[in-house]
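Read through the structure below, which is laid out as structure tokens, and then see the notes.
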Amino acid sequence: MKGMDREIEIRHEPKNGVCAIRLYYRGEHVSGLWIHRLSAHFGQSVTLRMGGIGGVGTKEEYRMRGFARRVMEYSNRYMLEAGFDIAALFGIRNFYERWGYAPALPEHRLYLNVENLSSARLNHSIFPFSDEHREDVIRIYELNNEERCCSVVRKPDSWMWFTKGTRFGVKADPMVLLDGSGRLCGYISFDDTEDYTAVAEVGYSDPSVFESIAAAIRDRARERGHEEAWLAIPPDHPFSIFLRRFGCRITSSFNRSGGGMMRIINLETTFRKLAPELERRIKRSGMRGWEEDFLLRTDIGSLRFRISKEAVHLEPREKVKDKLVEIPQSKLIQLLVGYRTIDDLTLEKGVHVTPSLIPGLRLLFPLMNPYIWWSDRF
Numbered sequence: 071m072k073g074m075d076r077e078i079e080i081r082h083e084p085k086n087g088v089c090a091i092r093l094y095y096r097g098e099h100v101s102g103l104w105i106h107r108l109s110a111h112f113g114q115s116v117t118l119r120m121g122g123i124g125g126v127g128t129k130e131e132y133r134m135r136g137f138a139r140r141v142m143e144y145s146n147r148y149m150l151e152a153g154f155d156i157a158a159l160f161g162i163r164n165f166y167e168r169w170g171y172a173p174a175l176p177e178h179r180l181y182l183n184v185e186n187l188s189s190a191r192l193n194h195s196i197f198p199f200s201d202e203h204r205e206d207v208i209r210i211y212e213l214n215n216e217e218r219c220c221s222v223v224r225k226p227d228s229w230m231w232f233t234k235g236t237r238f239g240v241k242a243d244p245m246v247l248l249d250g251s252g253r254l255c256g257y258i259s260f261d262d263t264e265d266y267t268a269v270a271e272v273g274y275s276d277p278s279v280f281e282s283i284a285a286a287i288r289d290r291a292r293e294r295g296h297e298e299a300w301l302a303i304p305p306d307h308p309f310s311i312f313l314r315r316f317g318c319r320i321t322s323s324f325n326r327s328g329g330g331m332m333r334i335i336n337l338e339t340t341f342r343k344l345a346p347e348l349e350r351r352i353k354r355s356g357m358r359g360w361e362e363d364f365l366l367r368t369d370i371g372s373l374r375f376r377i378s379k380e381a382v383h384l385e386p387r388e389k390v391k392d393k394l395v396e397i398p399q400s401k402l403i404q405l406l407v408g409y410r411t412i413d414d415l416t417l418e419k420g421v422h423v424t425p426s427l428i429p430g431l432r433l434l435f436p437l438m439n440p441y442i443w444w445s446d447r448f
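If you use my numbering, the sequence shown corresponds to residues 71 to 448, in order.
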């Protein structure tokens, strides 16, 4: 093994918002991955630096030699040193847990019977998406998703196009909806295929465009002879709720392993950035007079929380009599994004919580629908 170590070199090569992690064996590039430099929404005006892991792979003839393990370990160290708060990936089962990743991003599909959309009226004009629409689409997306936990921040200098449909390898066919004055009121990103009708993303300036979006989905499905259409969309999205009037079926998938997975990279920076959102949750609740001190202890570090006068203070030191939240970071990330509740997690081996803390933790970390839209996946 020591002889092999001398023949291995791992490099990180940043370029255009992406960093390649490459392992060279005897001078040959044999394994690697990409880290996309992203920001993710975590509440009103709160974002975390997120590493989006993609392209993990090893040349077939070099597999089973531990090269992928070295690349993943290196990527975790690199992201910590480079100032990332969290990381996410979409991966295979029974593999990424060993590097601290846990399922955290469910998949949702909303199915529609096309004939049930017959009454929907198309009150807007529809045009193919082009660069002239880009900034308006970004603005609408950000307004719609600022409070969608884990949704990727889109900026005019970096977001250029809808990169994919409802799965990897499928191109997008995006459309925009304009009102009579030419104002962009909404958008729909379809899968670019004649085989089925699927929507990877919708956006709206206000709910008055919802009926036209529904009509556009109906018309596209009819043109292609499809009796059913479906959308990849969270169940609490306002358009999902609007579609209930037409009748719909929603499925949600929560993986035991694989799929959308996440981990915390830097415990302290993550919570320091999250503090304003946690304070906002306290202010919106009925616990404005809540005063509490407790220690959060994980396998990647500890933080002491002091909650007083609706403010969240973080301290690196612990006290002997502190109340305790002891939890692996792989479970903590599931709590942070609203994938699981504190009540559920306390049933897990290795999770220990002082019982009197649970009502407050329910308030700080509610159940949510974290989501990364398909166009932003890596």
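For glycine and all other residues, C-beta sits at the position ideal for the given N, C-alpha and C.
| Query | Result |
| --- | --- |
| Taking the alpha carbon of Ile-258 as the point to measure from, which residue in Lys-353, Asp-289 and Ser-145 has its own alpha carbon closest? | Asp-289 |
| Can Leu-118 and Ile-156 be called in contact, C-beta distance under 9 Å? | yes |
| Per DSSP, what kind of secondary structure is Trp-169 in: helix, strand or coil? | helix |
| As an exercise, report each continuous beta strand (DSSP E) stretch of at least 3 residues that is fully enclosed by the region 124 to 211, in chain order. | 156 to 161, 172 to 175, 177 to 183 and 195 to 198 |
| By how many angstroms is the C-alpha of Ser-378 removed from the C-alpha of Lys-241? | 50 Å |
| Quick one: Cα of Arg-140 to Cα of Thr-128, how far? | 11 Å |
| Pairs of beta-carbons, one from the region 135 to 154 and one from the region 88 to 104, closer than 8 Å: are there three or more? | yes |
| The alpha helix (DSSP H) that contains Lys-401, what's its start and end? | 399 to 406 |
| Tell whether a beta-carbon distance below 9 Å holds between Ser-102 and Gly-125. | Correcting the residue type first, residue 102 is Gly in the shown sequence and not Ser. Yes. Within cutoff. |
| Apply the 10 Å Cβ neighbour rule to His-99 and answer buried if 16 or more other Cβ atoms are within range, or exposed otherwise. | exposed |
| Can you give me the C-alpha to C-alpha distance between His-194 and Leu-247, rounded to a whole angstrom? | 6 Å |
| Mind listing, in chain order, the continuous beta strand (DSSP E) runs of no fewer than 3 residues lying wholly within the region 240 to 295? | 242 to 248, 254 to 261 and 267 to 274 |
| So if DSSP puts Met-120 in a beta bridge, which residue, or which two residues, is it bridged to? | Leu-108 and Ile-156 |
| So what does Gly-371 bridge to, in DSSP terms? | Thr-368 |
| Using the rule of at least 16 other Cβ atoms within 10 Å of the residue's Cβ for burial, across every protein chain shown, is Ile-334 buried or exposed? | buried |
| Classify Ala-90 as helix, strand or coil using the three-state DSSP reduction. | strand |
| Is Tyr-171 buried or exposed, if buried means 16 or more other CB atoms sit within 10 Å of its CB? | buried |
| If you compare alpha carbons, which of His-106, Arg-374 and Leu-415 is closest to Leu-394? | Arg-374 |
| Using the rule of at least 16 other Cβ atoms within 10 Å of the residue's Cβ for burial, across every protein chain shown, is Val-390 buried or exposed? | exposed |
| With DSSP run on the structure shown, which of helix, strand or coil describes Asp-227? | coil |
| When DSSP labels each residue in this structure, what does Met-74 get in the three-state scheme? | helix |
| Report back the beta-carbon spacing between Ala-345 and Phe-316 to the nearest angstrom; my notes put them in contact at under 8 Å. | Actually they are not in contact, since the Cβ atoms of Ala-345 and Phe-316 sit about 42 Å apart, beyond 8 Å. |
| By DSSP, does Gly-430 sit in helix, in strand, or in coil? | helix |
| Look at the alpha carbon of His-296 and the alpha carbon of Met-357, and state the distance between them as a whole number of angstroms. | 51 Å |
| Using CA coordinates, which residue listed in Cys-255, Ser-109, His-178 and Thr-233 is at the minimum distance from Gly-153? | Ser-109 |
| Since Asp-363 sits in a beta bridge, which residues does DSSP pair it with? | Arg-376 |
| Whole angstroms is fine: what's the gap from Met-74's alpha carbon to His-82's? | 20 Å |
| Compare the Cα-Cα distances from Glu-185 to each of Phe-199, Ala-291, Ser-426 and Glu-177 and report the closest residue. | Ala-291 |
| Just checking my contact of Cys-219 with Phe-309 at CB under 8 Å: how many whole Å lie between their CB atoms? | Between Phe-309 and Cys-219 the Cβ distance is about 18 Å, and since that is not below 8 Å, they are no contact. |
| Around the C-beta of Asp-201, are 16 or more other C-beta atoms found within 10 angstroms, so that it is buried, or is it exposed? | exposed |
| Could you tell me if Leu-447 is buried or exposed, where buried requires 16 or more neighbouring beta carbons within 10 angstroms of its beta carbon? | A quick correction: the sequence has Arg, not Leu, at residue 447. Buried: at least 16 other Cβ atoms inside 10 Å. |
| Using DSSP with H/G/I as helix, E/B as strand and the rest coil, what is Glu-338? | helix |
| Go to Ile-320, then tell me how far its beta strand (DSSP E) extends in each direction, as first and last residue. | 319 to 323 |
| Is it the case that the Cβ atoms of Val-222 and Trp-443 are separated by a distance below 9 Å? | yes |
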